[in-house]
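Participant:
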Amino acid sequence: MKHYGSLFHLAATFYLIPCTYNYRENRFQISWRNTFTFLLMFTVYSSFLWFDILVIKVSFEFMSIVMLRIMALCANASHRDNLKTLSVFVILNCIYNVMYIAEPSISKLYWISLLRFSELFLMVELHRACANVIKDRMEQLQVLLMNVRNNDTASVEFIVHIFVERFQRYNQLFDSVNQCFSVPLTHILLLILLERTVASYDVYDNFYLLNNMSQLFRQLWTLIYMVVVFMIAITSSLSSSQVEETALCTRHFDDYRLQNTRAAKQIQKFLLKNLHQKKKFSACGFFDIDNTVIYMVFSSIVTYLVILIQFKQLETDLTQSEGVFNVTSNLTTPGPS
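Written out as C-alpha cells, the structure is:
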C-alpha cells in the first residue's frame, strides 16, 4: 500500500475513488475531505456537461445548413458520380460485414467505421465543392479580362474595376473555407495517417493471413482512405494554382489606352498586393493543403512503419536472447552432489 500511496492520493483528489487510505489504521475510510471533493468534482463535471450541451445546440443550428449543402452536391455531375461510388463501397462493405463478421462486437466496430468513413467522405466532398467554386470563379475572371481587347476605354476601365473587386471577394473565400474546414481536415488527415500506419503494420505482422478473404478485403478497404488524401490534395492544389494564374494574367494585360488612368493604377496596386500574397488552403496553420500533403502522408506512414518494425524485431531479439540465456544458465548450473 505504501508503494501505491501517491497513486491513491491522486485518485482521491480527483474523486476517482470515493475514499482515502488511512496509514495509521491501515484501512480505507471516507472523511469530510472526500465529501468536499465529491461536491467540487460534481460542480466541475456539471459545468463541462452544460458546456457540451451548449456546443451541441450550436452544432444543431449549423447542421441543417451543412446537410442541405451536402444534399445539393447531388445536383453536380462530378460530385454525384463520387456519391455513387461511395454508395457502391458502402454496399460492398455491408455485404462483407454480413458474410465474414460473425462476432457481434467486431461487427458493431465495422459498422461504426463505415459510418465514420461515410461522414468523412461527405465532408471532403463538401470541401472540394467549395474549392471548385473558387476555381471556377477565378477561371471566369480570367476569361473576362482576356476578352476586353476590342472594347472601348470606358468599358475596359469598368471591366478592370469589376475584375479587381470580384478577385478580392473570391480571394477572401479562402479564409472562409479555412475557417470552416481547417479543423475537420486536420482531424481527417491525422486519422488517416494513424489508421494507415496501423493497417500497414498489420499487413507486415499478419502477412501469412492475406490469403484469407476476410483479411484481404479489410486491407483493400483501407486503401480507400488514401484516395481521400489524393482528393483533398489535388483539388486544393488546383484551386490555389488557378488563383495564382488569374492574378498573373494581369501582368500581361497591356493596353495603351489605359496609360495614366485609374484602371492602370488599380492594376498596379492589384499586382503589388496579390503577386506576393499566395492564398492556400491550410490545416489550422500547421501546413498548407496541396500536393505536398500526399508526400507528407506517405513519408510519415513509411517512417512510423519502419519504427514499429524495428521495435518488433528488437522485442523478438530480446525474447530469443532471454531464452538462450535461460537455457545456458540451466546447462551451466551444477547439480546437487
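Residues in the sequence shown are numbered consecutively from 96, following the numbering used here.
We put the beta carbon where it would ideally sit given N, CA and C, even for glycine.
1. Grouping DSSP H, G and I as helix and E and B as strand, with all else coil, what is residue 432?
2. If I follow the unbroken alpha helix (DSSP H) through residue 203, where does it start and stop?
3. Please classify residue 207: is it buried, with 16 or more other beta-carbons within 10 angstroms of its beta-carbon, or exposed?
4. Return the CA-CA distance between residue 284 and residue 326, expressed in angstroms with no decimal places.
5. Can you give me the C-alpha to C-alpha distance between residue 323 and residue 205, rounded to a whole angstrom?
6. Given residue 410, which residues of its chain have a CB within under 7 Å of its CB, disregarding the five upstream and five downstream residues?
7. Would you kindly check if the distance between the Cβ of residue 261 and the Cβ of residue 240 is under 7 Å?
8. Where does residue 192 fall in DSSP's three states?
9. Just checking residue 134 against the ligand COA - is the residue's beta carbon closer than 6 Å to any of the ligand's heavy atoms?
10. Considering only their Cβ atoms, is the gap separating residue 378 from residue 277 smaller than 7 Å?
11. How far does the alpha helix (DSSP H) with residue 325 in it extend, from its first residue to its last?
12. Out of 372, 360, 394, state which residue places its alpha-carbon closest to the alpha-carbon of residue 336.
13. Have a look at 233, 382, 288 and flag the residue whose alpha-carbon is nearest the alpha-carbon of residue 333.
14. Compute the Euclidean distance between the alpha carbons of residue 293 and residue 390, then round it to the nearest angstrom.
15. Shortest alpha-carbon distance to residue 181 belongs to which of 139, 360, 128, 215?
16. Pick from 228, 229, 219, 264: whose alpha carbon is nearest that of residue 177?
17. Mapping DSSP to helix, strand and coil, what is residue 91?
18. What separation, rounded to the nearest whole angstrom, lies between the Cα atoms of residue 420 and residue 406?
19. Reducing DSSP to helix, strand and coil, say where residue 290 ends up.
20. Mark residue 432 as exposed unless 16 or more other C-beta atoms lie within 10 angstroms of its C-beta, in which case mark it buried.
21. Once you ignore the five residues that flank residue 228 on each side, which residues in its own chain have a CB closer than 8 Å to its CB?
22. For residue 376, count neighbouring Cβ atoms within 10 angstroms of its own Cβ and tell me buried if that reaches 16, exposed if not.
23. Helix, strand or coil for residue 383 per DSSP?
24. Whole angstroms is fine: what's the gap from residue 415's alpha carbon to residue 404's?
25. What separation, rounded to the nearest whole angstrom, lies between the Cα atoms of residue 264 and residue 221?
26. If you draw a straight line from the C-alpha of residue 368 to the C-alpha of residue 362, how long is it?
Facilitator: Quick look at the numbers:
1. Counted from its first residue, the sequence shown places residue 432 at position 337. Per-residue confidence for residue 432 stands at a pLDDT of 43, beneath the threshold of 50, marking its modelled position as unreliable; the derived number appears in the next sentence. Under the three-state reduction of DSSP output, residue 432 falls in the coil class, being neither helix nor strand.
2. Position 108 of the sequence shown holds residue 203. For residue 203, the uninterrupted alpha helix (DSSP H) segment begins and ends at 199-241.
3. Here residue 207 refers to the residue found at position 112 of the sequence shown. Around the Cβ of residue 207, a 10 Å sphere holds fewer than 16 other Cβ atoms; the residue is exposed.
4. Numbered from 1 along the sequence shown, position 189 holds the residue referred to as residue 284. Numbered from 1 along the sequence shown, position 231 holds the residue referred to as residue 326. Cα to Cα, residue 284 sits roughly 12 Å from residue 326.
5. Taking the sequence shown and counting its residues from 1, the one referred to as residue 323 is at position 228. Taking the sequence shown and counting its residues from 1, the one referred to as residue 205 is at position 110. When only Cα atoms are considered, residue 323 and residue 205 end up about 19 Å apart.
6. The sequence position of residue 410 within the sequence shown is 315, counting from 1. Correct list: empty, nothing qualifies.
7. Along the sequence shown, read from residue 1 onward, the residue named residue 240 stands at position 145. Along the sequence shown, read from residue 1 onward, the residue named residue 261 stands at position 166. Annotated as distal: residue 240 and residue 261, with beta-carbon spacing of 7 Å or more.
8. Mapped onto the sequence shown, residue 192 falls at position 97. Reduced to three states, the DSSP call for residue 192 is helix.
9. The ligand COA is not part of the structure shown, which contains no ligands of any sort.
10. Along the sequence shown, read from residue 1 onward, the residue named residue 277 stands at position 182. Along the sequence shown, read from residue 1 onward, the residue named residue 378 stands at position 283. A contact, by the Cβ cut-off of 7 Å.
11. Counting from one through the sequence shown, the residue named residue 325 turns up at place 230. It spans 319-343 - the alpha helix (DSSP H) in which residue 325 sits, taken as one unbroken run.
12. Counting from 1 along the sequence shown, the entry for residue 336 is found at position 241. Looking only at 372, 360, 394, the smallest Cα-Cα distance to residue 336 is reached by 372.
13. For the purposes of this step, residue 333 is identified with residue 238 of the sequence shown, where counting begins at 1. For the residues 233, 382, 288, the minimum Cα distance to residue 333 belongs to 233.
14. The residue you call residue 293 lines up with position 198 of the sequence shown. The residue you call residue 390 lines up with position 295 of the sequence shown. Straight-line Cα distance between these residues: approximately 18 Å.
15. To locate residue 181, count along the sequence shown from 1; it is residue 86. Of the candidates 139, 360, 128, 215, 215 places its Cα closest to the Cα of residue 181.
16. Taking the sequence shown and counting its residues from 1, one reaches residue 177 at position 82. Ranking the options by Cα distance to residue 177, first place goes to 219.
17. Since the first and last residues shown for the chain are 96 and 432, residue 91 lies out of range.
18. Working through the sequence shown from its first residue, we reach residue 420 at position 325. Working through the sequence shown from its first residue, we reach residue 406 at position 311. Bear in mind that the predicted position of residue 420 carries a pLDDT of just 49, short of 50, making it unreliable; the figure below should be weighed with that in mind. Roughly 21 Å between the two C-alpha positions.
19. As a first step, residue 290 must be located in the sequence shown, where it is residue number 195. In the three-state DSSP reduction, residue 290 falls in the helix class (H, G or I).
20. Taking the first residue of the sequence shown as 1, we reach residue 432 at position 337. Confidence is the limiting factor: at residue 432 the pLDDT is only 43, short of 50, which leaves the residue's position unreliable, though a coordinate-based value still follows. With fewer than 16 Cβ atoms within 10 Å of its Cβ, residue 432 is classed as exposed.
21. Looking up residue 228 in the sequence shown gives position 133. Excluding positions up to five away in sequence, the list reads 268.
22. Taking the first residue of the sequence shown as 1, we reach residue 376 at position 281. Label assigned to residue 376: buried.
23. Here residue 383 refers to the residue found at position 288 of the sequence shown. The answer is strand: DSSP assigns residue 383 an E or B state.
24. Your numbering for residue 415 matches position 320 in the sequence shown. Your numbering for residue 404 matches position 309 in the sequence shown. Roughly 16 Å between the two C-alpha positions.
25. Here residue 264 refers to the residue found at position 169 when the sequence shown is read from its first residue. Here residue 221 refers to the residue found at position 126 when the sequence shown is read from its first residue. In this structure, the alpha-carbon of residue 264 lies about 20 Å from that of residue 221.
26. In the sequence shown, counting from the first residue as 1, residue 368 sits at position 273. In the sequence shown, counting from the first residue as 1, residue 362 sits at position 267. Spanning the two alpha carbons is a distance of roughly 10 Å.
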